[in-house]
Ligand code: ATP
Ligand code: MG
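Numbering (the working numbering), first residue to last: 41 to 502.
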């Protein structure tokens with residue numbers, strides 16, 4: 041190992057802050073094995089196998105990105121990424137299970153057992169080639185020009201994401217002072233912040249996501265252009281935005297991320313309906329979303345499943361309430377609810393995609409909020425049988441936890457679920473006998489046309 045390090049030590053200039061970190065001829069800092077805490081046993085065997093196989097075939101290959109960053113922080117990496125000088129086609133030739141994905145950035149997915157390792161080819165500087173098409177806003181439309189380890193580091197997003205780990209001598213290679221930022225818990229974008237956000241506005245979301253997830257502070261130059269440039273997110277495809285939004289909320293730090301999104305005024309672009317309602321002072325709505333984020337983080341920590349339908353149901357709820365109130369004077373509550381739901385969905389789809397497999401259950405969760413107060417006759421039993429009952433019940437509890445006064449509806453449904461047939465019958469009778477039976481059965485008369493024959497109480501912040 042020492043021999044290799046000495047070979048790399050061409051200028052002889054050692055980094056003054058670390059006695060044993062070495063500066064290489066191309067300006068990188070090399071942190072030898074005994075100066076960092078990455079241990080091979082914490083690296084996925086699949087990633088190690090892929091790196092070794094690439095090296096055996098004569099290519100250079102490194103572990104990079106979140107895997108290296110998280111290991112250095114003593115965290116458990118979510119996945120492992122590999123960077124190599126092998127071209128996508130060459131990687132594909134080496135691994136039977138490899139699949140080239142992506143257009144803008146070609147990435148190779150190599151499957152090993154149940155794991156998928158992302159293998160990327162070293163990126164080059166865009167100035168050096170015309171194959172980096174840019175839009176008028178400075179967005180990179182293609183970025184498939186290849187380069188060296190150094191240029192690859194410069195093309196990555198944040199300094200702490202640009203650390204490479206080599207299996208050759210187990211050192212960490214740092215071109216961007218990422219180690220220093222890691223120590224200071226600072227998230228710093230590489231290069232000129234505005235240019236980098238313009239190239240790919242998703243980096244704005246990534247900045248907030250990593251700051252929240254790692255508990256890092258955003259370095260001032262990194263955070264400064266965010267408010268001004270966040271409108272560029274509208275240029276990103278709705279499908280990619282949906283994927284990125286999910287990452288914002290499914291990474292275990294949804295609460296902190298959502299707070300940062302509000303702080304940097306990102307809801308206005310990503311969730312315009314929510315933004316409008318919250319800015320109009322809908323505190324219950326803000327509480328509901330916060331409750332949802334807290335629950336989501338808890339469930340992820342407990343390794344329970346989380347459905348995007350539920351998160352979107354909460355995120356879009358304040359806009360739904362606002363629309364519903366506006367439309368209620370003009371039509372029956374049932375019609376107003378349906379129309380409001382549709383309007384909110386249509387507006388949202390102009391920002392992020394929401395695949396049907398999430399839209400349908402989201403609407404069911406909403407619609408069940410209207411059905412939950414109606415319990416007379418066979419209604420409670422029918423609602424209980426609905427495939428989305430459990431999610432809707434959780435949503436109801438969340439509304440109450442957020443401060444909405446619902447006449448003890450949550451407790452009623454909690455008891456109903458554990459009651460036997462006889463008790464259930466009695467519970468329904470008791471609801472019928474409630475003074476006015478209002479929340480239980482008959483909806484309050486509203487202005488406007490006669491209601492259809494239904495005992496549904498209008499859902500929402502009544
Ligand atoms: P995690 O996987 O924990 O969410 P990560 O840092 O590994 O975090 P990935 O999305 O897996 O994030 O990307 C892997 C690496 O690729 C990043 O660490 C970064 O170096 C680089 N990268 C990803 N997206 C971008 C981007 N939009 N611009 C520049 N570099 C990027
Ligand atoms: Mg990763």
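Glycine included, each C-beta is placed from N, C-alpha and C at the ideal position.
Keep in mind the model is a prediction, meaning the values are calculated, not measured.
Would residue i pass as a contact of residue j if the rule is Cβ separation under 8 angstroms?
i           : j           : result
residue 203 : residue 109 : yes
residue 358 : residue 398 : no
residue 101 : residue 215 : no
residue 251 : residue 300 : yes
residue 206 : residue 228 : no
residue 443 : residue 327 : yes
residue 376 : residue 368 : yes
residue 89  : residue 179 : no
residue 292 : residue 340 : yes
residue 431 : residue 405 : yes
residue 317 : residue 361 : yes
residue 421 : residue 436 : no
So what does residue i bridge to, in DSSP terms?
i           : result
residue 186 : 163
residue 102 : 123
residue 63  : 69
residue 258 : 227
residue 304 : In DSSP, residue 304 forms no bridge with anything.
From the options, pick the residue whose C-alpha is nearest to that of residue i; which is it?
i           : options            : result
residue 196 : 257, 122, 173      : 122
residue 266 : 335, 237, 104      : 237
residue 336 : 352, 381, 408, 271 : 352
residue 136 : 342, 156, 145      : 156
residue 295 : 355, 345, 164      : 355
residue 472 : 232, 250, 414      : 414
residue 201 : 207, 218, 187, 209 : 218
residue 224 : 282, 112, 321, 302 : 112
residue 194 : 392, 260, 264, 104 : 104
residue 66  : 229, 147, 191      : 191
residue 132 : 318, 451, 75, 148  : 148
residue 288 : 424, 254, 274      : 254
residue 298 : 270, 91, 324, 330  : 330
residue 438 : 405, 332, 293      : 332
residue 433 : 452, 248, 445, 416 : 452
residue 175 : 186, 230, 239      : 239
residue 117 : 257, 276, 142, 83  : 83
residue 258 : 275, 284, 277, 230 : 230
I believe residue i touches residue j by the beta-carbon criterion, under 8 angstroms. Please report the beta-carbon distance rounded to the nearest angstrom.
i           : j           : result
residue 125 : residue 160 : Wrong, their Cβ atoms sit about 11 angstroms apart, outside the cutoff.
residue 70  : residue 78  : Going by Cβ atoms, the distance from residue 70 to residue 78 rounds to 14 angstroms, so no, they are not a contact pair.
residue 241 : residue 269 : 7 angstroms
residue 393 : residue 279 : 5 angstroms
residue 384 : residue 363 : 6 angstroms
residue 273 : residue 177 : Their Cβ separation, rounded to whole angstroms, is 11 angstroms, which puts residue 273 and residue 177 out of contact at 8 angstroms.
residue 98  : residue 119 : So it is not a contact: roughly 26 angstroms between Cβ atoms.
residue 309 : residue 391 : 7 angstroms
residue 142 : residue 164 : At roughly 17 angstroms, the Cβ-Cβ gap does not stay under 8 angstroms, so residue 142 and residue 164 are not in contact.
DSSP three-state call for residue i: helix, strand or coil?
i           : result
residue 155 : strand
residue 432 : helix
residue 141 : strand
residue 226 : strand
residue 352 : helix
residue 311 : coil
residue 148 : strand
residue 212 : strand
residue 415 : coil
residue 180 : strand
residue 321 : coil
residue 133 : helix
residue 477 : Residue placement at residue 477 is flagged as unreliable, the pLDDT there being 48, under the threshold of 50; a coordinate-derived value is accordingly withheld.
residue 168 : Because the pLDDT of residue 168 is 47, which lies under 50, any placement of that residue in the model is unreliable, and the question is left without a value.
residue 241 : coil
residue 391 : coil
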